[in-house]
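Data block below; observations after.
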Amino acid sequence: MTASPPPVLPDDRLASGIARVALHYRGRFSAETIQRLAIDSYERIAVVRGIRDEIDAHITELLASLPST
Numbered sequence: 238m239t240a241s242p243p244p245v246l247p248d249d250r251l252a253s254g255i256a257r258v259a260l261h262y263r264g265r266f267s268a269e270t271i272q273r274l275a276i277d278s279y280e281r282i283a284v285v286r287g288i289r290d291e292i293d294a295h296i297t298e299l300l301a302s303l304p305s306t
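Here my numbering is used: the first residue of the sequence shown is 238, the next is one more, and so on.
Below, the structure is given as structure tokens:
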């Protein structure tokens, strides 16, 4: 069985943060586990951020459609 290639991280800071956490928890958690957890968290935050951006856009559109007073 061949190992899958490491995922492409969206930010060098995320990669260095994962490396620091992996070093801190070496012997308790594998680096792969920490990487998967960090990437999953990052992806969940990105989804929430996208939803918030969409809501903000709708609110802006609604406010723009209100008659001026």
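Idealized CB from N, CA, C, for every residue including glycine.
All figures in this text were calculated on a predicted structure; none of them were measured in a lab.
With DSSP collapsed to three states, give me the class of residue i.
i, result
"L303", "coil"
"Y279", "helix"
"S253", "helix"
"R289", "helix"
"R273", "helix"
Going by the C-beta, is residue i closer than 7 Å to any heavy atom of the ligand ADP?
i, result
"I276", "Inclusion of the ligand ADP in the displayed structure is not the case, the ligand content being empty and no account of it being possible."
From this set, the options, which residue's C-alpha is nearest residue i's C-alpha?
i, options, result
"R250", "Q272, S267, F266 and G264", "Q272"
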